[in-house]
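To start, the structure itself, in C-alpha cells.
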Amino acid sequence: MEVTDVVVIGAGVAGLTAARLLTDAGRRVVVLEARDRIGGRVHTDRSDGHAVDLGASWIHGIDGSAVADAARAFGMRTVEFTVGGYQVDGRPIAYHGPDGARLDDDAVRRFAADVHTVDRALVGAIERSGASDTYRDVVERVLSEQGWSAERAERVREHLEHRSEEQYGVPGDELAAHGLDDDTIDGDEVVFPDGYDALPAHLATGLDVRLEHVVRSVRHDDDGVTATSDRGPFRAASVIVTVPVGVLHSGVLAFDPPLPARHRAALGRLRMNAFEKVVLRFPERFWGDDVYAVRQLGPEGRWWHSWYDLTRLDGVPTLLTFAAGPAARAIRGWSNDEVARSVLEQLRRLFGARVGAPTSVTVTAWQDDPWSRGSYAHMLPGSTTRDHDDLARPIGGRVHLAGEATWTDDPATVAGALSSGHRAAVAVLGRDVPVERLWADPGHD
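Residues in the sequence shown are numbered consecutively from 105, following my numbering.
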C-alpha cells in the first residue's frame, strides 16, 4: 500500500488546482486519473493539424477571473469571442427568420428588445417562483403578461428555450426556475486558438499524476483514508474527490461509509446534461465575414439554430454548433456523416448552393464517456443553489468533494472547477492560500 499525505481523484482542472496548491504548501500529493490523459472535460484534439476544443472552450467573462489570470500568466493566447453565453446581441449576429431569409437590422433590434424585456421581467418572476417551478414555467408566465401576438411571443420563447439548452444542455422543463441565475458575463469572453488544454498542462507541471488508475472505493475512518484503485490501494490523511456528478451517480465509485444524507440529497437534485459539439471545417467561408454567429429563428431551428464562426482562431473557415438537450439525445449513436447531413440541411436553407461539403467534421460524445457521463451538471426542479455548497461540505474532516458542480457562484465552468479545487486545498490545509500561487514561479515565497 502506497502512503502519502493527500490523494486527489481526478486530474481535471479542479483536481490539478488542489494538487498544485497542496504540493506548493509542502504536502505529498498523488493524483489518480482514470483516463490516459489529464484535463478531464478540458480536452483539445489536434488530429487534423488544428486545435479543436472538444470540451470547455470559453472563459465566460475575463473580468475578475482567476482562469483568465492563470491563462495570462501561463502565456496562453486568447481571442475575444463574446457570444458564448447565448447573448441575443452585443456582437454581430446574423439572424434568419422562419423562412430562412436574413433579418434586416431593424427586425433584429426589435427581436433583441423583446428578449431584453422578458429577461428583465424574469428576474422578479424567478424570485417569486415555487420550489418545483421550471425555467419554462417562469418564461411562460412572463410571456403571458406581455400581450404580444402569438408569433412575436413564439420567437422569444424559442430563444429562451435554446438558451436553456445551450447553457445547461437541457430543455426548459428540466431546469430549475433559478437554474440560470448564474448566467451573467463580466467582461469579454475569450477562446483559445492554441487549445484550452494548455491550462491543465501547466497546472500539472511537477505533480505526481498516475494515469489509468481507476479508483473503485474510498474508505475513511478516524485514522485516515484509503482510496483503492485497480492498480492498488493508496493511504492518506485526506482525499479530494473531483469526479463529475455523472460518475458519482453511476455507483462505480463506492464510499465507505456512504456519503452523508445531506450530500446524497444535494446530489439527487443535480444531473449531468446532454450536450455535444459539432465542428465543421469548410473550403470557403460562405456565411460572410461580418458576424460572430449565425442563428435561425422558427421551427426549423428546433435542433440546429446557432452556428459560431471560429475562423478567427486559425484562419480556416470553421463553424461550431451544439447538439444540446433533445438534439444531443436524439443524435446519440449517429455517425459523423449522419450528423453532418442533418446540420447541412439547415445551413442550406439559409445559404443555398453556397454551402459546400465540409472538409472535416468533429462530433463529441461526452454522454458516452464513462468518466464524465455528460458534459456538466445542471439543477433539477426542486433544487436550490445551496445544493452545490452542500455537496462540497467536508466529510469527517478527511473527505472533500470538488469540481464544477460543487461551486455555487459559477457552476458548469472551468472557473467553477478551479475555484472548487482552491477551496478544497484550503480546507485540507486549514488555512487560506492565495489562488495566485497556482501560477507563481516555483520556489517563490
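All residues carry an ideal CB built from backbone N, CA and C; glycine is no exception.
* **As assigned by DSSP and simplified to three states, the class of ALA331** => Numbered from its first residue, the sequence shown carries residue 331 at position 227. ALA331: strand per DSSP, three-state reduction.
* Could you check the C-alpha separation between THR186 and GLY114 for me, to the nearest Å? => Here residue 186 refers to the residue found at position 82 of the sequence shown. Here residue 114 refers to the residue found at position 10 of the sequence shown. Each residue's alpha carbon lies about 30 Å from the other.
* Asked: Using the C-alpha atoms, what's the distance from ASP301 back to PRO202?
  -> As a first step, residue 202 is located in the sequence shown; it is residue number 98 there, counting from the start. As a first step, residue 301 is located in the sequence shown; it is residue number 197 there, counting from the start. One C-alpha to the other measures close to 38 Å.
* Leaving out five residues before and five after ALA469 in sequence, what residues of the same chain have Cβ atoms less than 7 Å from its Cβ? -> If you number the sequence shown from 1, residue 469 lands on position 365. GLU380.
* Asked: Thinking C-alpha only, which one of PRO515, GLU255, GLY501 is nearest ARG490?
  -> If you number the sequence shown from 1, residue 490 lands on position 386. For the residues PRO515, GLU255, GLY501, the minimum Cα distance to ARG490 belongs to PRO515.
* Closest Cα partner of SER524 within the set GLY234, ALA118, GLY372 -> Here residue 524 corresponds to residue number 420 of the sequence shown, with the count starting at 1. Measuring from the Cα of SER524, the nearest candidate turns out to be ALA118.
* Asked: When you compare each of VAL183, GLY328, ARG214, ALA257 to ILE499 by their alpha carbons, which one comes out closest?
  -> Position 395 of the sequence shown holds residue 499. For the residues VAL183, GLY328, ARG214, ALA257, the minimum Cα distance to ILE499 belongs to GLY328.
* Is the CB-CB distance between ILE163 and VAL518 below 9 Å? -> Here residue 163 is taken as the residue at index 59 of the sequence shown, counted from 1. Here residue 518 is taken as the residue at index 414 of the sequence shown, counted from 1. Cβ distance < 9 Å, so ILE163 and VAL518 count as in contact.
* To do: In the DSSP assignment, find the unbroken beta strand (DSSP E) run with GLY336 in it and report its ends.
  => Taking the sequence shown and counting its residues from 1, one reaches residue 336 at position 232. Counting along the chain, the beta strand (DSSP E) containing GLY336 begins and ends at 336-340.
* **Start-end ranges of the beta strand (DSSP E) lying completely within the stretch 444-518, minimum 3 residues** => 464-467, 481-483, 503-505
* Can you tell me which of the three DSSP states THR182 falls into? => One-based indexing of the sequence shown puts residue 182 at position 78. Looking at THR182 - three-state DSSP - the assignment turns out to be coil, as it is neither helix nor strand.
* **Residues of its chain near ASP167, where Cβ-Cβ distance is below 6 Å and the 5 sequence neighbours each way are ignored** => Your numbering for residue 167 matches position 63 in the sequence shown. Cβ neighbours of ASP167 beyond the five flanking positions: ASP290, GLY291.
* **C-beta contact flag for ARG399 and HIS526 at 9 Å** => Indexing the sequence shown from 1 puts residue 399 at position 295. Indexing the sequence shown from 1 puts residue 526 at position 422. It is not a contact, given that the beta carbons lie outside the stated cut-off.
* Asked: Any idea which residues DSSP pairs ILE163 with across the strands?
  -> Counted from its first residue, the sequence shown places residue 163 at position 59. DSSP output for ILE163 lists VAL294 as bridge partner(s).
* Asked: Less than 8 Å between the CB of GLU184 and some heavy atom of the ligand SAM, yes or no?
  -> No copy of the ligand SAM appears in this structure; indeed no ligand is present at all.
* **Burial state of ASP334, where buried means 16 or more other Cβ atoms lie within 10 Å** => Translated into positions along the sequence shown, residue 334 becomes position 230. Counting Cβ neighbours within 10 Å, ASP334 comes out exposed, since fewer than 16 surround it.
* To do: Assuming VAL347 and LEU357 form a contact by the criterion Cβ under 8 Å, report the distance between their Cβ atoms to the nearest whole angstrom.
  => The residue you call residue 347 lines up with position 243 of the sequence shown. The residue you call residue 357 lines up with position 253 of the sequence shown. Rounded, the Cβ-Cβ distance is 6 Å, consistent with contact.
* Have a look at ALA205, LEU352, PHE426 and flag the residue whose alpha-carbon is nearest the alpha-carbon of ARG406. => Position 302 of the sequence shown, counting from 1, holds the residue named residue 406. Cα-wise, what sits closest to ARG406 is PHE426.
* To do: Between the Cα of GLU184 and those of PRO196, ALA177, PHE178, spot the shortest distance and give me the residue it belongs to.
  => On the sequence shown, residue 184 is found 80 positions in, with the first residue counted as 1. The shortest C-alpha separation from GLU184 is found at PRO196.
* Assign PHE426 to one of three DSSP states: helix, strand, or coil. => Along the sequence shown, read from residue 1 onward, the residue named residue 426 stands at position 322. PHE426: strand per DSSP, three-state reduction.
* Answer with buried or exposed for GLU262, where buried requires no fewer than 16 other C-beta atoms within 10 angstroms of its C-beta. => Position 158 of the sequence shown, counted from the start, is the residue given in the question as residue 262. By the neighbour-count rule (16 or more Cβ atoms within 10 Å), GLU262 is buried.
* Straight-line CA distance for GLY486 to GLY228? -> Residue numbering aside, residue 486 sits at position 382 when the sequence shown is read from its first letter. Residue numbering aside, residue 228 sits at position 124 when the sequence shown is read from its first letter. Using only the alpha carbons, I get a separation of about 18 Å.
* In the DSSP assignment, find the alpha helix (DSSP H) that holds SER236 and state where it starts and stops. => Within the sequence shown, numbered from 1, the residue matching residue 236 stands at position 132. SER236 -> no alpha helix (DSSP H), and no H or E assigned at all.
* To do: Count the other C-beta atoms from every protein chain shown that fall within 10 angstroms of the C-beta of ASP549, then say buried if there are 16 or more, exposed otherwise.
  => Counting from 1 along the sequence shown, the entry for residue 549 is found at position 445. Confidence is the limiting factor: at ASP549 the pLDDT is only 41, short of 50, which leaves the residue's position unreliable, though a coordinate-based value still follows. So ASP549 counts as exposed.
* Identity of the residues DSSP links to ALA358 by a beta bridge -> Taking the first residue of the sequence shown as 1, we reach residue 358 at position 254. Paired residues: SER321.
* My guess is that ARG477 and VAL322 are in contact by the Cβ rule of under 8 Å, so how many angstroms apart are they, rounded? -> The count along the sequence shown starts at 1 and reaches residue 477 at position 373. The count along the sequence shown starts at 1 and reaches residue 322 at position 218. Not really, about 18 Å apart at Cβ, beyond 8 Å.
* Quick one: what's got a C-beta closer than 6 Å to VAL171's C-beta in the same chain, skipping five residues either side? -> Counting from one through the sequence shown, the residue named residue 171 turns up at place 67. Hits under 6 Å: ILE163, VAL518, ALA519, LEU522.
* For the stretch 202-270, which segments carrying the alpha helix (DSSP H) assignment without a break, of at least 4 residues, lie completely within its bounds, in sequence order? -> 209-231, 239-248
* To do: Figure out for me which residue from ASP140, GLU388, GLY159, PHE455 has the closest Cα to the Cα of VAL146.
  => In the sequence shown, counting from the first residue as 1, residue 146 sits at position 42. Ranking ASP140, GLU388, GLY159, PHE455 by Cα distance to VAL146 puts GLY159 first.
* Inter-residue spacing [alpha-carbon to alpha-carbon] between GLU404 and VAL192 -> Position 300 of the sequence shown, counted from the start, is the residue given in the question as residue 404. Position 88 of the sequence shown, counted from the start, is the residue given in the question as residue 192. About 19 Å.
* To do: Just confirm the distance between the C-beta atoms of GLU137 and HIS317, as a whole number of angstroms; I'd bet it's less than 8 Å.
  => By 1-based counting over the sequence shown, the position of residue 137 is 33. By 1-based counting over the sequence shown, the position of residue 317 is 213. That belief holds up - the Cβ atoms of GLU137 and HIS317 are roughly 6 Å apart, short of 8 Å.
* If we call anything under 9 Å between Cβ atoms a contact, is SER161 one with LEU424? -> Within the sequence shown, residue 161 is the residue found at index 57, counting from 1. Within the sequence shown, residue 424 is the residue found at index 320, counting from 1. Yes, the Cβ-Cβ distance between SER161 and LEU424 is below 9 Å.
* To do: Indicate whether VAL107 and ALA340 have their beta-carbon atoms separated by less than 9 Å.
  => Reading the sequence shown from its first residue, position 3 is the one you call residue 107. Reading the sequence shown from its first residue, position 236 is the one you call residue 340. It is a contact, given that the beta carbons lie within the stated cut-off.
* Asked: Excluding sequence positions up to five away, which residues of its chain have a Cβ less than 7 Å from the Cβ of ASP140?
  -> For the purposes of this step, residue 140 is taken as the residue at position 36 of the sequence shown. Counting only Cβ-Cβ distances below 7 Å, and skipping sequence neighbours, we find LEU315, GLU316.
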